[in-house]
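Written out below as structure tokens is the structure these notes cover.
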Amino acid sequence: MTDYAKRIDQDAFRRDLINWFNNNKRTLPWREDQDPYKVWVSEIMLQQTQVDTVIPYFNAFIRQFPTPSALADADEQEVLKAWEGLGYYSRARNLKTAVKEVKESYGGVVPKEKQSLSKLKGIGPYTLGAIMSIAYNQPEPAVDGNVMRVLSRLCNIEEDIAKPKTKKTFEALVRQLISEQDPSSFNQGLMELGALICRPQSPKCDRCPVKAHCQAFHSNKQNVLPIKSKKKKQSTHSYYVLVLEDQSGQLLIEKRPENGLLANMWQFMMLEKKEVDQALILPYVEEVYQTQVFEHKQLESIKHVFSHVIWELDVHYFKVENIKHVEHSQMLVEKSKIDAFPFPVPHQKVYQYLN
DNA sequence: CAACCGTGGAC
DNA sequence: TGTCCAAGGTT
Numbered sequence: 001m002t003d004y005a006k007r008i009d010q011d012a013f014r015r016d017l018i019n020w021f022n023n024n025k026r027t028l029p030w031r032e033d034q035d036p037y038k039v040w041v042s043e044i045m046l047q048q049t050q051v052d053t054v055i056p057y058f059n060a061f062i063r064q065f066p067t068p069s070a071l072a073d074a075d076e077q078e079v080l081k082a083w084e085g086l087g088y089y090s091r092a093r094n095l096k097t098a099v100k101e102v103k104e105s106y107g108g109v110v111p112k113e114k115q116s117l118s119k120l121k122g123i124g125p126y127t128l129g130a131i132m133s134i135a136y137n138q139p140e141p142a143v144d145g146n147v148m149r150v151l152s153r154l155c156n157i158e159e160d161i162a163k164p165k166t167k168k169t170f171e172a173l174v175r176q177l178i179s180e181q182d183p184s185s186f187n188q189g190l191m192e193l194g195a196l197i198c199r200p201q202s203p204k205c206d207r208c209p210v211k212a213h214c215q216a217f218h219s220n221k222q223n224v225l226p227i228k229s230k231k232k233k234q235s236t237h238s239y240y241v242l243v244l245e246d247q248s249g250q251l252l253i254e255k256r257p258e259n260g261l262l263a264n265m266w267q268f269m270m271l272e273k274k275e276v277d278q279a280l281i282l283p284y285v286e287e288v289y290q291t292q293v294f295e296h297k298q299l300e301s302i303k304h305v306f307s308h309v310i311w312e313l314d315v316h317y318f319k320v321e322n323i324k325h326v327e328h329s330q331m332l333v334e335k336s337k338i339d340a341f342p343f344p345v346p347h348q349k350v351y352q353y354l355n
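FYI, in UniProt numbering the residues of the first sequence are 1 to 355.
Pasting the structure below:
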């Protein structure tokens with residue numbers, strides 16, 4: 001294995017990075033103190049999500065659930081509602097499971113032992129290192145996409161950062177480079193540098209505080225590194241969305257399964273297009289929901305791109321008589337009460353098109 | 001390991 | 001419009 005750390009002046013790099021971070025770090029809500037719970041919540045929200053997107057969610061979330069115990073006592077539906085629009089909803093469900101464990105096993109105090117933290121649901125290698133270093137000032141690697149990009153360039157590392165095995169290489173490298181005196185500033189400095197200067201496209205090398213140490217900069221490879229293999233493209237699934245409104249103005253909605261895509265979120269009825277021919281939708285609705293259709297109109301279609309799947313939605317609105325067949329997972333809800341339920345974005349769009 | 005798991009911003 | 005990608009984790 002190559003000893004990448006030997007390619008740079010480690011002491012000078014540490015010093016320059018930390019000095020730059022302490023003079024240039026952004027003012028962010030989760031940087032107001034070192035409350036381990038706030039660090040934790042912020043790190044979960046920031047997974048695969050941009051800072052500007054997270055800020056308003058973080059502020060509202062901490063206001064609503066100020067402590068681990070407060071979150072532990074909340075309903076999962078409440079938590080999902082607070083997470084609505086952020087995506088990757090298993091983050092919210094895992095966080096809720098984890099704080100319950102913190103409340104029951106650790107008296108509501110976020111543990112500071114590595115072994116305890118890493119057992120909590122939703123805390124993987126990155127988040128473990130982030131909490132350990134930022135909240136408890138322990139020298140633990142926190143390797144995210146920023147860190148791999150920055151260090152790829154710094155040490156001229158040509159391994160594919162999309163491969164899981166490669167992350168271990170970077171963790172080993174960070175263990176050599178990390179500051180024992182200020183691991184918090186070191187880890188955050190790497191990420192802040194990646195976000196503000198050493199960006200994926202057109203890195204601002206002229207303003208980089210560590211360009212003197214950067215192997216890619218010296219060989220003009222900053223636009224080639226890091227090496228990252230492409231992910232395969234999404235497959236498309238086509239559905240009818242069936243919006244049923246009864247005579248008292250109630251809408252029929254259903255809760256999604258507890259596993260898989262958009263788990264435990266709510267939606268309007270969905271039907272795979274290949275199941276029923278377009279011309280037979282109306283009789284299908286009358287038969288399945290044991291009702292009579294008074295009005296039927298097709299609304300705007302929606303294309304929604306997920307990380308690994310694409311939905312094409314043909315939205316059909318039905319004004320119906322009272323619905324006699326309502327499954328356990330389904331509910332009739334007054335229009336004015338519908339915003340109490342956590343809806344994923346594509347179904348929020350459906351609702352918007354009703355008005 | 002590779003696939004699954006959301007959404008919005010940037011270019 | 002397409003493509004990448006953003007403070008990843010779980011299975």
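For each residue, glycine too, the CB sits at the ideal point set by N, CA and C.
Taking its Cβ as the centre, do 16 or more other Cβ atoms sit within 10 Å of LEU280, making it buried, or is it exposed? The residue you call residue 280 lines up with position 280 of the first sequence. Around the beta carbon of LEU280, a 10 Å sphere encloses fewer than 16 other beta carbons of the protein chains shown; the residue is thus reported as exposed.
Could you tell me which of PRO209, ASP246, ALA142, VAL110 sits nearest to MET331, measuring between CA atoms? Here residue 331 corresponds to residue number 331 of the first sequence, with the count starting at 1. Residue ASP246 is the option with its Cα nearest to MET331.
Roughly how many angstroms lie between the CA atoms of LYS167 and ALA12, to the nearest whole one? Against the first sequence, residue 167 aligns to sequence position 167. Against the first sequence, residue 12 aligns to sequence position 12. Those two C-alpha atoms are separated by around 24 Å.
Along the chain, which unbroken stretches of the alpha helix (DSSP H) at least 4 residues long are found entirely within the stretch 24 to 48? Within the stretch 24 to 48, the complete alpha helix (DSSP H) runs of at least 4 residues are 36 to 45.
DSSP three-state call for GLN286: helix, strand or coil? For the purposes of this step, residue 286 is taken as residue 286 along the first sequence, with counting starting at 1. The sequence as given places Glu at residue 286; Gln does not occur at that position. Helix at GLU286.
The stretch 256 to 264 touching the stretch 179 to 198, judged by at least three CB pairs closer than 8 Å: Because the criterion of three Cβ pairs below 8 Å is not met, the stretch 256 to 264 and the stretch 179 to 198 do not touch.
Whose C-beta lies closer than 7 Å to the C-beta of THR97 among residues of the same chain, with five residues either side of it excluded? Counted from its first residue, the first sequence places residue 97 at position 97. LYS121.
Which class does THR236 belong to by DSSP, given the choice of helix, strand or coil? Position 236 of the first sequence, counted from the start, is the residue given in the question as residue 236. In this structure, THR236 counts as strand in the three-state DSSP scheme.
HIS347 burial status per 10 Å Cβ neighbour count (16 or more: buried): Numbered from its first residue, the first sequence carries residue 347 at position 347. Around the beta-carbon of HIS347, 16 or more other beta-carbon atoms lie within 10 Å, marking it buried.
Once the 5 residues before and after ARG7 are set aside, which same chain residues still bring their CB inside 7 Å of it? In the first sequence, residue 7 corresponds to position 7, counting from 1. Within the same chain, ARG7 has close Cβ partners CYS155, ASN156, GLN215.
The alpha helix (DSSP H) with MET148 in it runs from where to where? Your numbering for residue 148 matches position 148 in the first sequence. According to the DSSP assignment, MET148 belongs to the alpha helix (DSSP H) that extends over 145 to 154.
Less than 8 Å separating the beta-carbons of SER229 and ALA162? Against the first sequence, residue 229 aligns to sequence position 229. Against the first sequence, residue 162 aligns to sequence position 162. Yes, the pair counts as a contact, with Cβ atoms nearer than the cut-off.
Is the distance from the Cβ of LYS38 to the Cβ of ILE62 below 8 Å? To locate residue 38, count along the first sequence from 1; it is residue 38. To locate residue 62, count along the first sequence from 1; it is residue 62. In contact: LYS38 and ILE62 (Cβ atoms closer than 8 Å).
Would you call the CB atoms of LEU177 and VAL150 closer than 8 Å? Taking the first residue of the first sequence as 1, we reach residue 177 at position 177. Taking the first residue of the first sequence as 1, we reach residue 150 at position 150. Note that the C-beta distance between LEU177 and VAL150 is not below 8 Å.
For ASP9, is the classification buried or exposed, using 16 other Cβ atoms within 10 angstroms of its Cβ as the cut-off for buried? Reading the first sequence from its first residue, position 9 is the one you call residue 9. Exposed, by the Cβ-count rule.
According to DSSP, which residues form a beta bridge with LEU120? For the purposes of this step, residue 120 is taken as the residue at position 120 of the first sequence. For LEU120, which the question treats as bridged, DSSP gives no partner whatsoever.
Please classify VAL143: is it buried, with 16 or more other beta-carbons within 10 angstroms of its beta-carbon, or exposed? The sequence position of residue 143 within the first sequence is 143, counting from 1. Flag for VAL143 reads buried.
Would you call ARG26 buried or exposed, if buried means 16 or more other Cβ atoms sit within 10 Å of its Cβ? Working through the first sequence from its first residue, we reach residue 26 at position 26. By the neighbour-count rule (16 or more Cβ atoms within 10 Å), ARG26 is not buried but exposed.
Do LEU225 and VAL320 count as a contact pair if the criterion is CB distance below 8 Å? Taking the first residue of the first sequence as 1, we reach residue 320 at position 320. Taking the first residue of the first sequence as 1, we reach residue 225 at position 225. Contact flag unset, no.
Buried/exposed call for ARG175, threshold 16 Cβ in 10 Å: What you label residue 175 is simply residue 175 of the first sequence in a count that begins at 1. ARG175 is exposed by the Cβ-count criterion.
What is the DSSP secondary structure of PHE341, counted as helix, strand or coil? Numbered from its first residue, the first sequence carries residue 341 at position 341. It is coil, neither helix nor strand.
Beta-carbon proximity check, SER329 vs LYS273, cutoff 8 Å: Here residue 329 refers to the residue found at position 329 of the first sequence. Here residue 273 refers to the residue found at position 273 of the first sequence. No; because the gap between Cβ atoms is not below 8 Å, this pair is not in contact.
Alpha carbon to alpha carbon, what distance is there between LEU46 and HIS308? Counted from its first residue, the first sequence places residue 308 at position 308. Counted from its first residue, the first sequence places residue 46 at position 46. Roughly 20 Å between the two C-alpha positions.
Here's a check: name, in chain order, each residue in its chain whose Cβ is nearer than 8 Å to the Cβ of VAL79, leaving out the five neighbours to either side. Taking the first sequence and counting its residues from 1, one reaches residue 79 at position 79. PHE65, LEU71, ALA92, ARG93, LEU95, LYS96, listed in sequence order.
What did DSSP end up calling GLU158 once you bin it into helix, strand or coil? Residue mapping note: residue 158 aligns to position 158 of the first sequence, counting from 1. Looking at GLU158 - three-state DSSP - the assignment turns out to be coil, as it is neither helix nor strand.
Give a yes or no on whether the C-beta atoms belonging to PRO68 and LYS114 are separated by under 8 Å. On the first sequence, position 68 is the one that residue 68 refers to. On the first sequence, position 114 is the one that residue 114 refers to. No, they are not a contact pair.
Would a C-beta distance cut-off of 8 Å place PHE306 and SER185 closer than the cut-off? For the purposes of this step, residue 306 is identified with residue 306 of the first sequence, where counting begins at 1. For the purposes of this step, residue 185 is identified with residue 185 of the first sequence, where counting begins at 1. Taking 8 Å as the Cβ cut-off, PHE306 and SER185 do not qualify as a contacting pair.
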